[in-house]
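The numbering of the sequence shown is my numbering, which starts it at 615 and goes up by one.
Built from N, CA and C at the ideal position, the CB exists for glycine as well.
Values in this document were obtained by computation on a predicted structure and should not be read as measured data.
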Amino acid sequence: MKAVLRRERWVWPLLGILVLWAALVLVTDRFSLYSLSGVAASASFLLLPSLGQMLVMTSGRGHIDLSIPSVVTLSAYLTTTVSGGQNGRLWVAVAVVLAAGLLIGALNALLVLALRIPAMIATLASGYILATATLIVNGHVSGSGSAPMLAGFASGRIGGLPVIAVVALVLAAFCAVLLRVTSWGRKLSAAGQNAEASRLSGIRVARVDASVFIASAVLSAVTGCLLSGYAGGAFLEMGNPFLLQFVGAVVLGGTLIAGGMATTLGTLFGAFLLVMIVTTMQVAGLPPGMQDILQGAVIIGVLIVAMPSGRKSA
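In structure tokens form, the structure reads like this:
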């Protein structure tokens, strides 16, 4: 049993979810299946960029994308600014957001791969640049709400299940297939385990690395777009509260920080667990600072218990 738990690391966040759900049901009569659907919606907004972070971390060599919060915020502003709160201009806004995601991802890849800047430093620097760009947009463009079509989509439900949750599940399933079935997924895992050996075997490691940075930026841009619809607009530092969670959901789910091993199911459960933790602390009336401390403590605790001593194949 112990060996199974160490191999299938996604079991740990799932157990955490069940424990917290039982605790919430016992301590409050306000928590119901409808409340759980609200948690699912919040977890879905966390899951989308976490999938991109998962791909980046799988590429190995300490790659982590720290520009994600700034991409989310800038994309939310681009969506509301370009659309002007009108359905007729929404598709233009979506196209601009996707183009911005592609451009930012390509820039991050250029900094890391061509200029040899460590990924954490490169993406942190690009994040600062994007945050400044957001400030400029906020200062020179009058704010407007989200387009009704986008707001309806982001906050809509299908049979009681949030639409955004369906979108997140579809993307998670796509990532799982991409990693397990396609040659690209096998190349990514191989490059994450040993980049030099992968190059000698004919894998274009730089191309694989570039693709994960682009995927991360695009998923973050889509998140910002949808989040602006869900929140009814954009505001400064919209993505900042998720900085710890973007990384936490991935490592809680069992993706190896050293690279070469990813679990999409674990990332999904990790995102859900982090939102459940926040919900539990909010119900308990804990202040925001204590919430951050406890989230960090949970992440450290799960890593100590669940992470294997070395690399193991799934």
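**Request:** Label A779 either buried or exposed according to how many other C-beta atoms from any shown protein chain fall within 10 Å of its C-beta, with 16 as the threshold for buried.
**Result:** buried
**Request:** Measure the beta-carbon distance from L688 to A657 and round it to whole angstroms, keeping in mind my assumption that it falls under 8 Å.
**Result:** Their Cβ separation, rounded to whole angstroms, is 23 Å, which puts L688 and A657 out of contact at 8 Å.
**Request:** In the DSSP assignment, find the alpha helix (DSSP H) that holds I891 and state where it starts and stops.
**Result:** 878-898
**Neighbour-count burial assignment, R813, 16 or more Cβ in a 10 Å radius** = exposed
**Prompt:** Tell me which same chain residues have a C-beta within less than 7 Å of the C-beta of W624, skipping the five on either side of it?
**Reply:** G867, G868, T877, L879, G880, F883
**Message:** Which residues does DSSP list as the beta-bridge partners of I772?
**Reply:** L775
**Request:** Using a Cβ-Cβ cut-off of 8 Å, state whether L802 counts as contacting chain D.
**Result:** The structure shown contains no chain D, having only a single protein chain.
**Request:** Figure out for me which residue from G853, V653, L792, N854 has the closest Cα to the Cα of G774.
**Result:** V653
**Request:** Report the residue from M890, R794, A761, I871 whose alpha carbon sits nearest the alpha carbon of R929.
**Result:** The shown model of the chain, from 615 to 928, leaves out residue 929, and the question about it has no answer.
**Prompt:** Which term fits S797, buried or exposed, when burial requires 16 or more other beta carbons within 10 angstroms of its beta carbon?
**Reply:** exposed
**Asked** Along the chain, which unbroken stretches of the alpha helix (DSSP H) at least 4 residues long are found entirely within the region 622-675?
**Response** 625-641, 647-672
**Contact under 8 Å by Cβ, N722 with A829** = no
**Request:** Check whether the region 666-677 touches the region 853-873, taking contact to mean three or more Cβ pairs, one atom from each stretch, closer than 8 Å.
**Result:** yes
**Request:** Buried or exposed for Q896, please, with buried defined as at least 16 other CB atoms from any protein chain shown within 10 angstroms of its CB.
**Result:** exposed
**Prompt:** From which residue to which residue does the alpha helix (DSSP H) around R703 run?
**Reply:** Note, R703: premise wrong, no alpha helix (DSSP H); not H, not E.
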